[in-house]
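Undergrad: Provided herewith is a single structure, encoded as structure tokens, for subsequent inquiry.
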Ligand code: FAD
């Protein structure tokens, strides 16, 4: 029977990063993955394929503006969806192959099969052919991730009533795609198909899309996406989804209690994801699963079994790849006797629509609820030379700072390259910068990053220079 210092169950960004860090720290490490490719949700059916399709469909959008740049197309252009999806798959395959390379490089033993606990130190790996290999682990890290969730009355047939997994490999552009859920995944995939010519309707239970993000950000993105043709049904509670041949009927109750019916050819159910522990036999190892289906952990991400840890989507907190990665590193370093720390307030959240949305720290709504005295500075992208040069005029940077100390409490961005810009905000907040600190740092001209400096100036003493 093979024995390891650490066995990681699940090879998503949480699991494979944990395994690498454990190996770096000298632990004899193994990873178990039930699928034949490594990388988990993020690399196979999440972050990477969705960004590949967003990139391809962004080109389609840009072609429409070629004439503004003095570029004439000799003829009309055509989208080959099959080829676009094949390119996406090639990107995925290459990225997953990269993880396999990293496992080999770090001498991590990879087991393909379902990992399930026999007890707190023995794990059964059930392979595809039904054979079972038993291994032992001094410590185990559960990184089994999440799966798309749904509503109890919806039957996901995965043909017309689909999840994000199927939406990443459709064989045709929907005529009318109805998306249930105005969160990150729904909006990103909605924008892909909107750009490819679908009519897209988003039905959201809350009174705005991206309900957990700053309200100003959600308002701005709604405006831009509406202008592009996306339809929004906010404060609508979906109560029925019915497939009739090639048609899907979605019925929702609006705020007045009236029934609103939508008819489409595809419905994407994007109402969130549920932690995944199926087949793990957690109870045999003394690992408690909460009522919400999450593995219960303490501040060190230790489960109710002392030698078993859990990270990523399967535990509490934001379901994000980079959060899972940080947790993977934390557990590895904790096992090596170090004292790592994660500031969950500084995990950035990003939406990869265009304009992109990115945020870190507190929203204005949270600060109000906490009764915190704050000041806000906002700067529009349209006032930037760089934004005008590339015709990316939508959006703004909003900085929230402590009214008394000027410490930055939250930075919220809608606009071109917000996903990359947010890194400056994270660094600033990690070092507890004041708005004035940011405003006094030189930002290259012309860049989108100048909007951060200007918003910081606006938050300092309302002294932005270019508005
Ligand atoms: P996962 O990536 O879910 O990996 C878990 C792995 O464990 C899987 O491979 C699974 O097969 C395996 N497994 C489960 N049980 C067992 C078992 N018993 N034995 C063996 N193996 C097992 N996040 C971002 O930060 N940025 C994004 O842009 C982004 N885009 C997304 C887009 C989409 C469409 C989706 C669906 C998600 C997106 N996410 C994004 C979320 C991100 O994918 C997850 O937060 C991340 O993958 C979580 O990592 P994880 O390691 O916890 O679990």
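In UniProt numbering, the protein residues as written are 1 to 467. Glycine included, each C-beta is placed from N, C-alpha and C at the ideal position. All values derive from a computational prediction rather than experimental measurement.
1) Which residues does DSSP pair with residue 176 in a beta bridge?
2) How long is the line joining the alpha carbons of residue 310 and residue 414, rounded to whole angstroms?
3) Return the first residue and the last residue of the alpha helix (DSSP H) that residue 369 is part of.
4) Going by the beta-carbon positions, is the gap between residue 203 and residue 180 smaller than 7 Å?
5) Give a yes or no on contact between the stretch 448-460 and the stretch 420-430, applying the rule of three or more CB pairs nearer than 8 Å.
6) Any chance the stretch 245-253 sits against the stretch 389-401, with 3 or more Cβ pairs inside 8 Å?
7) Answer with buried or exposed for residue 441, where buried requires no fewer than 16 other C-beta atoms within 10 angstroms of its C-beta.
8) Would you say residue 100 touches the ligand FAD, meaning its beta carbon is less than 6 Å from a heavy atom?
9) Pair every Cβ in the stretch 235-247 with every Cβ in the stretch 102-119, then say whether three or more of these pairs are closer than 8 Å.
10) Between the alpha carbons of residue 328 and residue 182, how many angstroms are there, rounded?
11) Please go through the same chain and pick out, in chain order, the residues whose beta-carbon is closer than 7 Å to the beta-carbon of residue 466, but skip the five residues on each side of it.
12) By DSSP's criteria, residue 126 is part of a beta bridge. Which residues make up the other side?
13) Tell me whether residue 76 is buried or exposed, calling it buried when 16 or more other Cβ atoms sit within 10 Å of its Cβ.
14) Considering only their Cβ atoms, is the gap separating residue 400 from residue 410 smaller than 7 Å?
15) What first and last residue would you give for the alpha helix (DSSP H) that runs through residue 85?
16) Pull up the distance between the alpha-carbon of residue 462 and that of residue 334, whole angstroms please.
17) Please report the Cβ distance between residue 19 and residue 84, rounded to the nearest whole angstrom; I am assuming they are in contact, meaning their Cβ atoms lie under 8 Å.
18) Check residue 46 in the structure and name its three-state DSSP category.
19) Between residue 8 and residue 133, what straight-line distance do the alpha-carbon atoms span, to the nearest angstrom?
20) Does the beta-carbon of residue 84, which I'm using as the reference point, lie nearer than 6 Å to any heavy atom of the ligand FAD?
21) Inspect the CB distances between the stretch 280-291 and the stretch 261-268 and report whether three or more fall short of 8 Å.
22) According to DSSP, simplified to helix, strand and coil, what is residue 70?
23) What is the residue span of the alpha helix (DSSP H) that residue 164 lies within?
24) Could you tell me the alpha carbon to alpha carbon distance between residue 60 and residue 362, rounded to whole angstroms?
25) Tell me residue 244's beta-bridge partners as DSSP assigns them.
26) How would you label residue 178, buried or exposed, when you count the other beta carbons within 10 angstroms and need 16 or more for buried?
27) Do residue 201 and residue 231 count as a contact pair if the criterion is CB distance below 7 Å?
28) Could you name the residues of the same chain whose beta carbon sits closer than 6 Å to that of residue 293, not counting the 5 residues immediately before and after it, in chain order?
29) Just how far apart, CA to CA, sit residue 35 and residue 113?
30) In this structure, does DSSP put residue 270 in helix, strand or coil?
31) Could you check which residue in 79, 337 and 318 has the C-alpha nearest to that of residue 360?
32) Can you tell me which residues form a DSSP beta bridge with residue 358?
33) What is the DSSP secondary structure of residue 232, reduced to helix, strand or coil?
34) Looking at the secondary structure, which residues open and close the alpha helix (DSSP H) in which residue 13 lies?
35) Helix, strand or coil, according to DSSP, for residue 333 in the structure here?
36) May I ask whether a heavy atom of the ligand FAD can be found less than 6 Å away from the beta carbon of residue 207?
TA: Reading off the structure:
1) 199
2) 33 Å
3) 364-370
4) yes
5) yes
6) no
7) exposed
8) no
9) no
10) 29 Å
11) 383 and 454
12) 114 and 132
13) exposed
14) yes
15) 81-105
16) 44 Å
17) Contact flag wrong, Cβ pair sits at about 33 Å.
18) coil
19) 15 Å
20) no
21) no
22) coil
23) 164-167
24) 35 Å
25) 247
26) buried
27) yes
28) 274 and 275
29) 7 Å
30) coil
31) 318
32) 350 and 413
33) strand
34) 13-24
35) helix
36) no
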